[in-house]
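In my numbering, the protein residues as written are 1221 to 1506.
The C-beta atom is built at its ideal place from N, Cα and C for all residues, glycine as well.
For clarity, every value in this text was computed on a predicted model and none was experimentally measured.
Here is the structure we will look at, set down as structure tokens.
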Ligand code: PLP
């Protein structure tokens, strides 16, 4: 029997819809999402929320997309494909947050990975306080998992006195899980904390030298890709952290600024390298 799929077969390729901004450097944003989702063996569909002007050093400006256009892009995908998870990245204004919330309300069963992007890797703003508040109000309650870095965690839960309190406060905002990342904190180790499990779980990595452009996009998209394949969120976080750490170990100084994660490292060496291969000098700590 011919095992090739025909036009009439049901699709067996899982799909992630990434709703995020475009970064012309290819380090972060939708490029990062596409590469990370492909790396999980998942089809990446996209809706573009903004065009940014930036390089690997910092963001210069951005133009937010028309909210109706973003809704139409997302709905075109959702009405056409069996989307297994939605990843949300940069949303440049309140109208876009509301538009995305409207789309999500029509598909309450689809898991949502929300990366509450507020700043670019170089520190330049990609959202203001009103956007942060709208994300909390409209998107947190709908999220399966939110993935703030330390800076975003402080902005979103300003009253918290320490990390544990911050995790608890962010969890109380309605997402099932909160992954509080520590890549932007000082220290020899990078500590990432997952809240929503009891007790909260810590994932520790040796800090790699250099600053990275698009590590958060990579991680959240990999989580979405794994969830779209049926992984439970806790396993998805663990596997996606391992994958992201590898992309950082293979990161390259392509521009003058932050290093660009090598998300397709597994395709090097004539395609014979497996994703599970340890990169040279791997320094994971568990
Ligand atoms: N989304 C867009 C469009 C960006 O340009 C950036 C950073 O420049 C980000 C998200 C966040 O990047 P990171 O993964 O480094 O936090």
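Using a Cβ-Cβ cutoff of less than 6 Å, which residues in the same chain neighbour residue i once the five nearest sequence positions on both sides are dropped?
| i | result |
| --- | --- |
| residue 1367 | 1335, 1399 and 1440 |
| residue 1548 | Not covered by the structure: residue 1548. The range shown for the chain is 1221 to 1506. |
| residue 1463 | 1442 |
| residue 1444 | 1236, 1305, 1307 and 1333 |
| residue 1324 | 1362 |
| residue 1257 | 1236, 1264, 1441 and 1445 |
| residue 1233 | 1263 |
| residue 1259 | 1483 |
| residue 1428 | 1468 |
Report the partner residues of residue i according to the DSSP bridge assignment.
| i | result |
| --- | --- |
| residue 1274 | 1279 |
| residue 1397 | 1365 |
| residue 1305 | 1236 |
| residue 1443 | Answer is none; residue 1443 lacks a bridge partner. |
| residue 1485 | Answer is none; residue 1485 lacks a bridge partner. |
| residue 1409 | 1426 |
| residue 1263 | 1235 |
| residue 1472 | 1480 |
| residue 1334 | 1308 and 1366 |
| residue 1242 | 1271 |
| residue 1421 | 1414 |
| residue 1432 | 1479 |
| residue 1377 | Paired residue(s): none; residue 1377 is not in a bridge. |
Excluding five sequence neighbours on each side, which residues of the same chain lie with their C-beta closer than 8 Å to the C-beta of residue i?
| i | result |
| --- | --- |
| residue 1303 | 1235, 1236, 1237, 1265, 1297, 1327, 1330 and 1448 |
| residue 1417 | 1397 and 1454 |
| residue 1504 | At residue 1504, the pLDDT of 40 sits below 50, so the modelled position is not reliable; the number obtained from the coordinates is stated separately. Answer for residue 1504: 1425, 1426, 1462 and 1465, listed in chain order. |
| residue 1420 | 1384, 1387, 1413 and 1414 |
| residue 1338 | 1345, 1346, 1347, 1351, 1352, 1371, 1372 and 1375 |
Can you tell me the Cβ-Cβ gap for residue i and residue j, rounded? I've got them flagged as a contact below 8 Å.
| i | j | result |
| --- | --- | --- |
| residue 1312 | residue 1269 | 6 Å |
| residue 1390 | residue 1373 | 6 Å |
| residue 1432 | residue 1471 | 6 Å |
| residue 1282 | residue 1241 | 7 Å |
| residue 1481 | residue 1407 | Incorrect: roughly 20 Å between the Cβ atoms, too far for contact. |
Going by other Cβ atoms of all chains shown within 10 Å of its Cβ, with 16 needed for buried, is residue i buried or exposed?
| i | result |
| --- | --- |
| residue 1401 | buried |
| residue 1288 | exposed |
| residue 1307 | buried |
| residue 1253 | buried |
| residue 1187 | The first residue shown for the chain is 1221 and the last is 1506, placing residue 1187 beyond what the model contains. |
| residue 1280 | exposed |
| residue 1430 | exposed |
| residue 1255 | buried |
| residue 1243 | buried |
| residue 1381 | exposed |
| residue 1319 | buried |
| residue 1221 | Model confidence at residue 1221 stands at a pLDDT of 41, short of 50, so the residue's coordinates are unreliable; what they give is reported in the following sentence. Classification for residue 1221: exposed. |
| residue 1284 | buried |
| residue 1392 | exposed |
| residue 1509 | Since the first residue of the chain shown is 1221 and the last is 1506, residue 1509 is not available in this structure. |
| residue 1309 | buried |
I'd like to confirm something about residue i: is its beta-carbon nearer than 8 Å to some heavy atom of ligand 2, or not?
| i | result |
| --- | --- |
| residue 1467 | No copy of ligand 2 appears in this structure; the ligands present are ligand 1. |
I'd like the list of long-range same chain contacts for residue i, defined as Cβ closer than 7 Å, with 5 residues on each side in sequence excluded.
| i | result |
| --- | --- |
| residue 1377 | 1386, 1389 and 1390 |
| residue 1314 | 1350, 1351 and 1354 |
| residue 1358 | 1317, 1318 and 1321 |
| residue 1250 | 1238, 1240, 1241, 1242, 1266 and 1268 |
| residue 1411 | 1402, 1422 and 1424 |
#### Entry: Three or more C-beta pairs below 8 Å linking the segment 1330-1339 and the segment 1467-1477
Note that the segment 1330-1339 does not touch the segment 1467-1477; fewer than 3 beta-carbon pairs, one per stretch, sit closer than 8 Å.
#### Entry: the segment 1450-1466 touching the segment 1340-1359, judged by at least three CB pairs closer than 8 Å
no
### Query
Does the segment 1237-1249 come close enough to the segment 1288-1297 to have 3 or more Cβ pairs within less than 8 Å?
yes
### Message
Assess contact between the segment 1264-1280 and the segment 1474-1489, defined as three or more Cβ pairs (one per stretch) separated by less than 8 Å. Is contact present?
### Response
With a cut-off of 8 Å, the segment 1474-1489 and the segment 1264-1280 count as touching, because enough Cβ pairs lie within range.
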